[in-house]
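See below for the structure under consideration.
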Amino acid sequence: MTVFQNVRKGLIPARLTVDEVYALTESGVLGEGDDFELIDGEIVPMAAAKASWHELMKSKLTRALVLATTADVRLFVEASITLSPNTLVEPDLVLATGSMSRELRGPDLLLAIEVADTSLGYDIRVKAPLYARFGVRDYWVVDAVRQTIRVHRDPQDGVYRDVEEYERQDEITALLLPDVTIRLDRLD
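In terms of the numbering used here, the sequence shown opens at residue -5 and continues consecutively.
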């Protein structure tokens, strides 16, 4: 039974805290196959099957980020990041200096990246204000289909004050990691 079926049947509360999610996971009530995020205490489903454009782009970005970062920077892939006691998200890629993703908070993230094909609107309309609200200083939404990157920076009062869109041939440098530069048309 999925997490959503359990919620509908009243076996899991409709609103949870991050600690409750971890407890339900450790007890086996929530499983690895339950793809969701917790946004302000509400369980939000994520696409279980990701399109090939999404996976291909994520793979290329992962390789580029591994090659561009130093040993003190960690790359987390689809790691659970706690933004608040009742908000738990799983960005596609995160660069941070911490050793455990469970301990990371918004300001700890050096770069958060969402790769979008079908989730583009959600990643821009829902995730961007959420990341801004919790102090993520550099948030990129990579459109895997159109081959563009929308870069969000300077979070203030739940809004990014600097948002720019780059084409595939443009070079983008991570705000807090000057050695991390990406050009979509040069990814292997």
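A virtual CB, placed ideally from N, CA and C, is assigned to each residue, including glycine.
- Buried or exposed: VAL139, going by 16 or more other Cβ atoms within 10 Å of its Cβ? The count along the sequence shown starts at 1 and reaches residue 139 at position 145. By the neighbour-count rule (16 or more Cβ atoms within 10 Å), VAL139 is not buried but exposed.
- What did DSSP end up calling VAL71 once you bin it into helix, strand or coil? Translated into positions along the sequence shown, residue 71 becomes position 77. DSSP places VAL71 in strand when its eight states are reduced to three.
- Query: Taking the beta strand (DSSP E) that VAL83 falls in, what are its first and last residues?
  - Reply: Start at 1 with the first residue of the sequence shown, and residue 83 comes out as number 89. It spans 81 to 83 - the beta strand (DSSP E) in which VAL83 sits, taken as one unbroken run.
- For PRO172, which of helix, strand or coil comes out of DSSP? Stepping through the sequence shown from its first residue, residue 172 is reached at position 178. Residue state, collapsed to three classes: coil.
- Beta-carbon proximity of LEU169 to ASP132, cut-off 9 Å: By one-based count along the sequence shown, residue 169 stands at place 175. By one-based count along the sequence shown, residue 132 stands at place 138. Against a cut-off of 9 Å, the Cβ pair of ASP132 and LEU169 comes out as a contact.
- Message: Between the alpha carbons of ILE33 and ASN80, how many angstroms are there, rounded?
- Response: Sequence index remark: in the sequence shown, residue 33 carries index 39 (1-based). Sequence index remark: in the sequence shown, residue 80 carries index 86 (1-based). Cα to Cα, the separation comes out at about 7 Å.
- Item | Contact set for ALA90: own chain, Cβ-Cβ below 7 Å, skip 5 residues either direction | The residue you call residue 90 lines up with position 96 of the sequence shown. Contacts found: ARG68, PHE70, LEU98, ASP102, LEU103 and LEU104.
- Item | Exposure label - GLU31; buried when at least 16 CB within 10 Å | As a first step, residue 31 must be located in the sequence shown, where it is residue number 37. Classification of GLU31: buried, given that the 10 Å Cβ count is 16 or more.
- Which class does SER46 belong to by DSSP, given the choice of helix, strand or coil? Residue 46 sits at position 52 when you count from the first residue of the sequence shown. SER46: helix per DSSP, three-state reduction.
- Task: Assign SER46 to buried or exposed, taking buried as 16 or more other Cβ atoms, counted over all protein chains shown, within 10 Å of its Cβ.
- Result: Indexing the sequence shown from 1 puts residue 46 at position 52. Result: exposed.
- Same chain, Cβ closer than 6 Å to LEU171, five either side skipped, listed in chain order: Counted from its first residue, the sequence shown places residue 171 at position 177. Result list for LEU171: LEU104, in chain order.
- Following the continuous beta strand (DSSP E) through PRO149, name the residue where it begins and the one where it ends. Indexing the sequence shown from 1 puts residue 149 at position 155. Looking at the DSSP string, the run of the beta strand (DSSP E) that includes PRO149 is 142 to 150.
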